[in-house]
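In the working numbering, the protein residues as written are 44 to 369.
All remarks here apply to the structure that follows.
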Amino acid sequence: MNASADTQALRAAEAFAAETAEAAEANKKAKKAAFEANKLSKRLHRQVGQAIADFNMIEDGDKVMVCLSGGKDSYAMLDILLNMQQRAPIKFSIVAVNLDQKQPGFPEDVLPTYLKSRGVDFHIEEQDTYSIVTNLIPEGKTMCSLCSRLRRGILYRVAKELGATKIALGHHRDDMVVTMLMNMFFGSRLKGMPPKLVSDNGEHVVIRPLAYVAETDLEKWAVHRAFPIIPCSLCGSQDNLQRVQIKQMIRDWDKQYPGRIDNMFTAMGNISLSHLMDRKLFPFASMRATGTPDPQGDKAFDEDEDCGGTSGGSGIAVQTIKLDLA
Ligand code: SF4
44 MNASADTQAL RAAEAFAAET AEAAEANKKA KKAAFEANKL SKRLHRQVGQ AIADFNMIED
104 GDKVMVCLSG GKDSYAMLDI LLNMQQRAPI KFSIVAVNLD QKQPGFPEDV LPTYLKSRGV
164 DFHIEEQDTY SIVTNLIPEG KTMCSLCSRL RRGILYRVAK ELGATKIALG HHRDDMVVTM
224 LMNMFFGSRL KGMPPKLVSD NGEHVVIRPL AYVAETDLEK WAVHRAFPII PCSLCGSQDN
284 LQRVQIKQMI RDWDKQYPGR IDNMFTAMGN ISLSHLMDRK LFPFASMRAT GTPDPQGDKA
344 FDEDEDCGGT SGGSGIAVQT IKLDLA
């Protein structure tokens, strides 16, 4: 073999080695992605199952009307419920409903095509609420309040016509925390978005099976499942700025202090009425000393309250007072 043939052979060997390394790297990445997707899938299904069980959202024989907007959350809800329907120990049926509000540019064929591909029973309700809202609301004013009121009324009617026993909405954990903060910041009340409620007309039970799910997980799931997302800005209405700001705020907090959104969310189900100040819910006026020690009772001067120094300092101060008194 001459020198030139040697060089060619060496180059071919190097190219082969590079290709092999590349293929190995790609294989490793694909395995990691599959592993992560599997973990995400398990987490989502577990959290939805848990929320359904904790709040008795779906019962044997229920017909669940899954409201589908074409956004990532409602696609994920439908997807997960369809999977769970196959394995659930109870029998329930699903009907997907989309309200086509006749917003300009709404791609009418996207949802029916997707729903047919999933083999799910569905109904598209066509109602031109867009024209009603744009005619009634002056330009530049927010249309969402009237729009959602109209949508709600239509969906209740459709649920009745379809014989649905539950109406499922795609709100998730972050929506619930944001709603609670918005009510506190702008409405001066401690009120959130419940996982289950009776509709304002008293006729329907509304459920939120994604109550325990983080929005970031839904974003990843939507990419993984390649949902044909319909943009939510077709109506031309500005997003509710306050909601957007609060959402950003809790995401920033969560980055800085991981787990903060979860803690706020958990707090919503872990309430001490005696430690708030709603006189309608707790009989502060009639409170009397019981004379009986209660290990679970309130420790009025320590732990919960900060003396302005470190928490350790607060504890020591109380200890000293006790010793002095003795
Ligand atoms: S963003 Fe548009 S579609 Fe959504 S509630 Fe507001 S006006 Fe209606």
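The C-beta atom is built at its ideal place from N, Cα and C for all residues, glycine as well.
Fair warning: this is a prediction, and the values are worked out from it, not measured in the lab.
Along the chain, where does the alpha helix (DSSP H) that runs through residue i open and close?
i	result
residue 174	172-179
residue 214	It is not in any alpha helix (DSSP H) - residue 214 carries neither H nor E in the DSSP assignment.
residue 288	284-299
residue 164	Where residue 164 is concerned, there is no enclosing alpha helix (DSSP H), given that its DSSP letter is neither H nor E.
residue 308	303-310
Given the structure, does residue i come close to the ligand SF4, in the sense that its CB is under 7 Å from one of the ligand's heavy atoms?
i	result
residue 186	yes
residue 201	no
residue 174	no
residue 191	yes
residue 144	yes
residue 278	yes
Which residues in the same chain as residue i place their Cβ atom closer than 7 Å to its Cβ, once the five residues preceding and following it in sequence are excluded?
i	result
residue 227	233
residue 122	268
residue 146	173, 277 and 278
residue 316	324 and 325
Helix, strand or coil for residue i, going by three-state DSSP, please let me know.
i	result
residue 260	helix
residue 88	helix
residue 278	coil
residue 54	helix
residue 169	strand
residue 115	helix
residue 141	strand
residue 368	Any answer about residue 368 is weak, because its pLDDT of 38 lies below 50 and its placement is not dependable; what the coordinates show is given next. In the structure shown, residue 368 sits in a helix (DSSP, three-state: H, G or I).
residue 42	Lying before the first or after the last residue shown, residue 42 is absent from the chain, which here runs from 44 to 369.
residue 249	strand
residue 358	Because the pLDDT of residue 358 is 38, which lies under 50, any placement of that residue in the model is unreliable, and the question is left without a value.
residue 201	helix
residue 136	strand
residue 333	coil
residue 322	coil
residue 157	helix
residue 340	coil
residue 231	coil
residue 152	coil
residue 72	helix
residue 67	helix
residue 183	coil
residue 384	The question about residue 384 has no answer, for the chain in this structure spans 44 to 369.
residue 222	helix
residue 273	coil
residue 196	helix
What do you reckon, are the CB atoms on residue i and residue j nearer than 8 Å?
i	j	result
residue 283	residue 187	yes
residue 108	residue 207	yes
residue 217	residue 258	yes
residue 134	residue 104	yes
residue 138	residue 253	no
residue 271	residue 153	yes
residue 143	residue 102	no
residue 76	residue 264	no
residue 390	residue 127	In the structure displayed, the chain extends from 44 to 369; residue 390 sits before or after that span and is not available.
residue 113	residue 141	yes
residue 311	residue 213	no
residue 124	residue 260	no
residue 247	residue 304	no
residue 308	residue 221	no
residue 242	residue 199	yes
residue 116	residue 215	yes
residue 167	residue 193	no
residue 289	residue 225	yes
residue 94	residue 255	yes
residue 150	residue 273	yes
The beta strand (DSSP E) that contains residue i, what's its start and end?
i	result
residue 106	106-110
residue 241	239-241
Would you say the beta carbon of residue i comes nearer than 7 Å to a heavy atom of the ligand SAH?
i	result
residue 303	The ligand SAH is absent from the structure shown, which contains only the ligand SF4.
Using a Cβ-Cβ cutoff of less than 8 Å, which residues in the same chain neighbour residue i once the five nearest sequence positions on both sides are dropped?
i	result
residue 322	328
residue 180	186 and 189
Apart from the five residues just before and just after residue i, which ones in its own chain have a Cβ nearer than 6 Å to its Cβ?
i	result
residue 275	114
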